[in-house]
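J.: Handing you this structure, nothing more for now.
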């Protein structure tokens, strides 16, 4: 059978992801694999219609499609995202219909489920027969057990393609937004005394819902927030995945475009940030994705700590739980405060006015109190993934992270808490005694759990 591999790595063949693909090629020599380096060649694919057409024609002839990609900032690379946008912009989605598809990623498992949900949903929108996804750790290929598991997955994918095994759609079609927003006048203008507010957006049409929502929010805030259109920022290209930033946060693009200076001077220095735009194929636009990807010159260190962050989006956010999760996880990882998200999923313009006003109030109120809500699993779990890998196998390439984590006491491993370890050892020995277990587990456990808290509360006058 003939399979087309759509490679999402900007490094092309010299990528971790493609070593797995090469492994699969060698293990299944009876199948033909045609590889297109999508992310690496996106400029040519976008500018040269012949190159784009060649890819589409190969997909049309294929029996199955493998979406192979590394993770970049919770998702696929910005240039892979741009390719997906081109499919709809150029009316080239029909060739994917009923093609069998699988998603394969390499990463350190930092929110890889978001990327897989996204690719699965894209396949559903393309009316493909999605077999499933496989998320590999970067170096799973070196482990015999993981190689066996990988071969089982791909054997199943090839069998499903050959035998036309039925598949189920996992993501329903999106219901479009019907509201044509006609903003009113803000009832009161809010004073942002001493606070610098920056609105970042990718809006091309100021009369779109996103444009009008942004304008309403701008008018709601006295002193006029600073507005920056991401299309006006000179960005030469997407993240290269080269890791040159790993040692001292110095990006390979330094001095070659305006992004780094823009991020440092405009984004990092703001007190309040609003991200505005339109949802495009179940995510934000590829321009927004390039913003997130290129901000990786900060590597795995929070660059927006202490800031208030809000989102103003046109599109069906309520129908995209993984996009909502990205928004909240991104904010928590940055150690910023998620002040809220407003969309045009409203019954009328008045309700949307009220939502935008509420967001403005939340941003200013939280900023005045320096409030950062506590992390959920999204922030805590994500940071621990980074903590462990930066301390271990990724310490050398990401020395800037290692220095930051040491300075900010992020290496908070439980084994360093010697008093707790000693107490656990003693109690573990005592728990071997039936009488001790009866006393603790049956009589005292609930009371002991609240004892420290109760003592504190009872001591408050």
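Residue numbers (the numbering used here): 4 to 464.
Note that CB positions come from ideal geometry on N, CA and C, so glycine has one too.
Taking the alpha carbon of residue 93 as the reference point, which residue from 118, 5 and 51 has its own alpha carbon closest?
T.: Counting from 1 along the chain shown, the entry for residue 93 is found at position 90. The shortest Cα separation from residue 93 among 118, 5 and 51 belongs to 51.
J.: Please list the terminal residues of the continuous beta strand (DSSP E) segment that includes residue 103.
T.: If you number the chain shown from 1, residue 103 lands on position 100. Residue 103 -> beta strand (DSSP E) spans 103-110.
J.: Please classify residue 24: does DSSP put it in a helix, a strand, or coil?
T.: Counting from 1 along the chain shown, the entry for residue 24 is found at position 21. Helix at residue 24.
J.: Opposite residue 277 in the DSSP bridges: which residues?
T.: For the purposes of this step, residue 277 is identified with residue 274 of the chain shown, where counting begins at 1. Answer by DSSP bridge pairing, in chain order: 202 and 313.
J.: Between which residues of its own chain and residue 249 is the CB-CB distance below 7 Å, once the five residues before and five after are set aside?
T.: Position 246 of the chain shown, counted from the first residue, corresponds to residue 249. Contacts found: 302, 400, 401, 402 and 403.
J.: Applying the criterion that 16 or more other CB atoms from any shown protein chain within 10 Å of the CB defines a buried residue, is residue 346 buried or exposed?
T.: By 1-based counting over the chain shown, the position of residue 346 is 343. Classification for residue 346: buried.
J.: Answer yes or no: do residue 219 and residue 186 have a C-beta to C-beta separation smaller than 8 Å?
T.: On the chain shown, position 216 is the one that residue 219 refers to. On the chain shown, position 183 is the one that residue 186 refers to. Yes, the Cβ-Cβ distance between residue 219 and residue 186 is below 8 Å.
J.: Where do the ends of the beta strand (DSSP E) carrying residue 230 lie?
T.: For the purposes of this step, residue 230 is taken as the residue at position 227 of the chain shown. 229-232 is the extent of the beta strand (DSSP E) around residue 230.
J.: If you check the beta carbons only, do residue 12 and residue 72 fall under 8 Å apart?
T.: Position 9 of the chain shown, counted from the start, is the residue given in the question as residue 12. Position 69 of the chain shown, counted from the start, is the residue given in the question as residue 72. Yes, these two residues count as a Cβ contact at 8 Å.
J.: Just how far apart, CA to CA, sit residue 5 and residue 341?
T.: Locating residue 5 in the chain shown gives position 2, where the first residue counts as 1. Locating residue 341 in the chain shown gives position 338, where the first residue counts as 1. Between residue 5 and residue 341, the C-alpha separation is close to 46 Å.
J.: Going by CA-CA distance only, name the one from 417, 211, 364 and 284 that's closest to residue 120.
T.: Taking the first residue of the chain shown as position 1, residue 120 is located at position 117. Residue 120 has its Cα closest to that of 284, out of 417, 211, 364 and 284.
J.: Measuring CB to CB, does residue 108 end up less than 8 Å from residue 61?
T.: Here residue 108 corresponds to residue number 105 of the chain shown, with the count starting at 1. Here residue 61 corresponds to residue number 58 of the chain shown, with the count starting at 1. Cβ atoms of residue 108 and residue 61: not closer than 8 Å.
J.: Hey, how far is the Cα of residue 228 from the Cα of residue 446?
T.: Against the chain shown, residue 228 aligns to sequence position 225. Against the chain shown, residue 446 aligns to sequence position 443. Spanning the two alpha carbons is a distance of roughly 60 Å.
J.: Since residue 464 and residue 360 are thought to touch, with beta carbons under 8 Å apart, how far apart are those beta carbons, to the nearest angstrom?
T.: Numbered from 1 along the chain shown, position 461 holds the residue referred to as residue 464. Numbered from 1 along the chain shown, position 357 holds the residue referred to as residue 360. Their Cβ separation, rounded to whole angstroms, is 40 Å, which puts residue 464 and residue 360 out of contact at 8 Å.
J.: Please list the segments of the beta strand (DSSP E) lying wholly inside the segment 17-81, counting only runs of 3 or more residues, in order along the chain.
T.: Within the segment 17-81, the complete beta strand (DSSP E) runs of at least 3 residues are 35-40 and 67-73.
J.: Could you tell me how far apart the beta carbons of residue 177 and residue 322 are, in whole angstroms, since I believe they sit closer than 8 Å?
T.: The residue given as residue 177 occupies position 174 in the chain shown. The residue given as residue 322 occupies position 319 in the chain shown. Between residue 322 and residue 177 the Cβ distance is about 5 Å, and since that is below 8 Å, they are a contact.
J.: Using the C-alpha atoms, what's the distance from residue 451 back to residue 461?
T.: For the purposes of this step, residue 461 is taken as residue 458 along the chain shown, with counting starting at 1. For the purposes of this step, residue 451 is taken as residue 448 along the chain shown, with counting starting at 1. So the two alpha carbons sit approximately 15 Å from each other.
J.: Can you name, in chain order, every residue of its own chain whose Cβ lies under 7 Å from the Cβ of residue 256, other than the five neighbours on each side?
T.: Position 253 of the chain shown holds residue 256. For residue 256, where only same-chain residues beyond five positions count, the Cβ hits under 7 Å are 239, 262 and 263.
J.: How big is the Cα-Cα spacing for residue 311 and residue 434?
T.: Your numbering for residue 311 matches position 308 in the chain shown. Your numbering for residue 434 matches position 431 in the chain shown. Cα to Cα, residue 311 sits roughly 48 Å from residue 434.
J.: Just to confirm my understanding: we take residue 388, look at its own chain, exclude 5 residues before and 5 after, and list those with CB closer than 7 Å. What are they?
T.: Numbered from its first residue, the chain shown carries residue 388 at position 385. Taken in chain order, the residues that qualify are 111, 112 and 113.
J.: In terms of residues, what are the limits of the alpha helix (DSSP H) holding residue 392?
T.: Start at 1 with the first residue of the chain shown, and residue 392 comes out as number 389. It spans 380-394 - the alpha helix (DSSP H) in which residue 392 sits, taken as one unbroken run.
J.: So, does the segment 274-284 touch the segment 34-54, judging by three or more C-beta pairs under 8 Å?
T.: Contact between the segment 274-284 and the segment 34-54 is absent, because fewer than three Cβ pairs lie under 8 Å.
J.: Taking the beta strand (DSSP E) that residue 9 belongs to, which residues open and close that run?
T.: As a working mapping, residue 9 is identified with position 6 in the chain shown. That run of the beta strand (DSSP E) goes 5-10.
J.: Helix, strand or coil, according to DSSP, for residue 414 in the structure here?
T.: Here residue 414 corresponds to residue number 411 of the chain shown, with the count starting at 1. Residue 414: coil per DSSP, three-state reduction.
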